[in-house]
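In the UniProt record's numbering, the protein residues as written are 1 to 186. A virtual CB, placed ideally from N, CA and C, is assigned to each residue, including glycine. A short write-up of the structure that comes next.
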């Protein structure tokens, strides 16, 4: 079913909207949650919470693009669950992903508050626009969908080492890009 029709079902408060959303984006949402949480039961719980969150958000919201809207909700709920689950312990794989990108984002800024977060998001989106298609896909699969390097390599028919090297180079480019943006030279 087309996204605009699913949104219309939500606006009409039809329960079939939830079924159609689950049918179309359930696999993607579950995959995002599983990649972050590494637990199928928690991932399923986050997926169900995502469906409820979308039901509660539409209306009044009317997203322009349903897929990124739903994925963002699934990702945010999964991260919230991850932080709750790991208050006393560590999820090694996800911590590694966070540590990889933290060096790039720690460019002397205090990312406290909505305005700075939006500014950083805008800079990240602009940076992604400077990358070639393959590098952008690798970066997004790693840092948005939280895929392992071997999963990315398999998806793109490359060696894990080539994917690691690409990620390293892209992080270095991101550091330089953010330094230039901070100086106002972009």
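N- and C-terminal bounds of the alpha helix (DSSP H) containing residue i
{"i": "residue 146", "result": "Element bounds for residue 146: n/a, residue is neither H nor E."}
{"i": "residue 4", "result": "3 to 11"}
{"i": "residue 175", "result": "160 to 183"}
{"i": "residue 80", "result": "66 to 85"}
{"i": "residue 16", "result": "16 to 37"}
{"i": "residue 52", "result": "40 to 57"}
Beta-carbon proximity list for residue i, same chain, < 7 Å, skipping 5 on both sides
{"i": "residue 51", "result": "18, 21 and 22"}
{"i": "residue 73", "result": "50, 53 and 54"}
Distance CB(residue i)-CB(residue j) smaller than 8 Å
{"i": "residue 152", "j": "residue 82", "result": "no"}
{"i": "residue 128", "j": "residue 134", "result": "no"}
{"i": "residue 149", "j": "residue 164", "result": "yes"}
{"i": "residue 167", "j": "residue 142", "result": "yes"}
{"i": "residue 11", "j": "residue 62", "result": "yes"}
{"i": "residue 159", "j": "residue 131", "result": "no"}
Beta-carbon contacts of residue i that lie in its chain and below 8 Å, excluding the five residues immediately before and after
{"i": "residue 107", "result": "Unreliable positioning characterises residue 107 in this predicted model, as indicated by a pLDDT of 44, which lies under 50. A coordinate reading is not provided."}
{"i": "residue 67", "result": "3, 25 and 28"}
{"i": "residue 145", "result": "31, 32 and 35"}
{"i": "residue 113", "result": "Any reading at residue 113 must be qualified, since the residue scores a pLDDT of 48, below 50, and its modelled position is unreliable; the value itself is stated next. Around residue 113: no qualifying Cβ."}
{"i": "residue 162", "result": "153"}
Beta carbon proximity, residue i to chain D, threshold 8 Å
{"i": "residue 69", "result": "No chain D is part of this structure, which consists of one protein chain only."}
Cβ-based neighbour list, residue i, same chain, cut-off 6 Å, excluding 5 preceding and 5 following
{"i": "residue 75", "result": "32"}
{"i": "residue 85", "result": "none"}
{"i": "residue 57", "result": "none"}
{"i": "residue 59", "result": "11"}
{"i": "residue 46", "result": "33, 77, 78 and 81"}
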